[in-house]
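Single-structure report; data block below.
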Amino acid sequence: MLAVGLFGAVAWASVGVCLAQSAAPLEEVVITARLRDEPVSQVAASVTLLTAATLQAAGQQHFADVLGLVPNLNWAAGSSRPRYFQLRGIGELEQWQGAPNPSVGFLIDGVDVSGVGMPATLFDVEQIEVLRGPQGVAYGANALAGLIAVRSRAPTERFEAQLQADAGDYGLLGLGAVVSGPLAGSIDGAYRLVAQRPRSNGFRRNRFLGRNDTNDLDETTLRGRLRLAAGENLTADLIAFWVDTDNGYDAFSIDNSRVTLSDKPGRDAQRSFRRLRAPRLRWLAMGDIAVSQCGR
Numbered sequence: 208m209l210a211v212g213l214f215g216a217v218a219w220a221s222v223g224v225c226l227a228q229s230a231a232p233l234e235e236v237v238i239t240a241r242l243r244d245e246p247v248s249q250v251a252a253s254v255t256l257l258t259a260a261t262l263q264a265a266g267q268q269h270f271a272d273v274l275g276l277v278p279n280l281n282w283a284a285g286s287s288r289p290r291y292f293q294l295r296g297i298g299e300l301e302q303w304q305g306a307p308n309p310s311v312g313f314l315i316d317g318v319d320v321s322g323v324g325m326p327a328t329l330f331d332v333e334q335i336e337v338l339r340g341p342q343g344v345a346y347g348a349n350a351l352a353g354l355i356a357v358r359s360r361a362p363t364e365r366f367e368a369q370l371q372a373d374a375g376d377y378g379l380l381g382l383g384a385v386v387s388g389p390l391a392g393s394i395d396g397a398y399r400l401v402a403q404r405p406r407s408n409g410f411r412r413n414r415f416l417g418r419n420d421t422n423d424l425d426e427t428t429l430r431g432r433l434r435l436a437a438g439e440n441l442t443a444d445l446i447a448f449w450v451d452t453d454n455g456y457d458a459f460s461i462d463n464s465r466v467t468l469s470d471k472p473g474r475d476a477q478r479s480f481r482r483l484r485a486p487r488l489r490w491l492a493m494g495d496i497a498v499s500q501c502g503r
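Following my numbering, the numbering of the sequence shown begins with 208 at its first residue and continues without gaps.
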């Protein structure tokens, strides 16, 4: 009995040493949706954060495909992609119902795309922040129920390039490219250019027309970011993106299956160009100062 007891004590001690050696410091999680960089532990709101690692593991193309990862978030739309969101049951169901301002704000790199939703592709996205509860201090009447903020990757000081090809079921083919690096010459700054185009036949089969592409997806995204440094403590971010979607819309089935009987399926086409009319300024001495006006 004594020998067994000593063996158990030695084994327990060795396990403790191994755990201590393998422990690594946790990466700090920073939230930027409230117009300044804040550690998530200091944000006085209920927050769900989808990091780049989470999005990459999901292997999806659009924010619509990862909605199930966010608690208390629902959506509604008579379209191929979600346009209207509800947080904790509060939010619009369509464009003809409720107040003119959206109850759930939707931002992409600080640009307001509330009520649009379709530009929210996940390629080269750094993280998605979902804040539940009123965010009126920062966004006024446009975020009374909460806020969804998508943040793409920032320009890098060293040159890097990425090429991604996708293939899958239902005729999925996609191609994406990223180029980022410092500006040439004496200009202190960096750029990042992103392009992606996925295409898919969709998972619906139209028995009446004998086609399997009436609910197809064809989405093109172009994004550009420019970061300029005006001294040691001041930087300015210029952001613009262009999204062209030409999707099919054949979603209604009599028996709730993947087979439809539509004689005239719809098209869900949308072309969006957004940019910041003024740069996003960051002054390290005082915190973050952001200007988030969007243009078309």
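Think of the CB as a built atom: it goes at the ideal place given N, C-alpha and C, for glycine as much as any other residue.
Given the structure is predicted, the values throughout are model-derived calculations rather than measurements.
Is residue i near residue j, with beta carbons less than 8 Å apart?
| i | j | result |
| --- | --- | --- |
| G473 | D453 | no |
| F330 | T428 | yes |
| V323 | A350 | no |
| S359 | D475 | no |
| R404 | V466 | no |
| Q249 | G381 | no |
Please determine, among the options, the residue with the shortest C-alpha to C-alpha distance to residue i.
| i | options | result |
| --- | --- | --- |
| R365 | S387, T442, D425, S359 | S387 |
| G285 | M325, N279, D451, F313 | M325 |
| E439 | D395, L294, L445 | D395 |
| I446 | Q249, A252, A384, D316 | D316 |
| E333 | V357, A352, G353 | V357 |
| N419 | A443, G378, E426 | G378 |
| I335 | I355, Y346, G343, D462 | I355 |
| F410 | L441, G298, G455 | G455 |
| R406 | S393, A384, G392, D376 | D376 |
| D319 | G347, Q293, E301 | G347 |
Going straight from the alpha carbon of residue i to that of residue j, what length do you get?
| i | j | result |
| --- | --- | --- |
| R412 | L262 | 29 Å |
| W449 | L400 | 12 Å |
| L257 | V337 | 8 Å |
| D423 | S464 | 17 Å |
| L433 | A264 | 28 Å |
| P307 | L314 | 17 Å |
| D244 | D272 | 27 Å |
| L390 | R295 | 45 Å |
| D451 | S479 | 6 Å |
| S253 | G353 | 9 Å |
| L435 | G343 | 30 Å |
Determine the DSSP secondary structure at residue i, reduced to helix, strand or coil.
| i | result |
| --- | --- |
| S248 | helix |
| D272 | helix |
| Q371 | strand |
| V344 | helix |
| Q267 | coil |
| A391 | coil |
| A458 | coil |
| L300 | coil |
| A352 | coil |
| L262 | helix |
> Touching or not, the region 366 to 379 and the region 282 to 296, by the rule of three or more beta carbon pairs under 8 Å?
Replying inline: Result no; under three Cβ-Cβ pairs closer than 8 Å.
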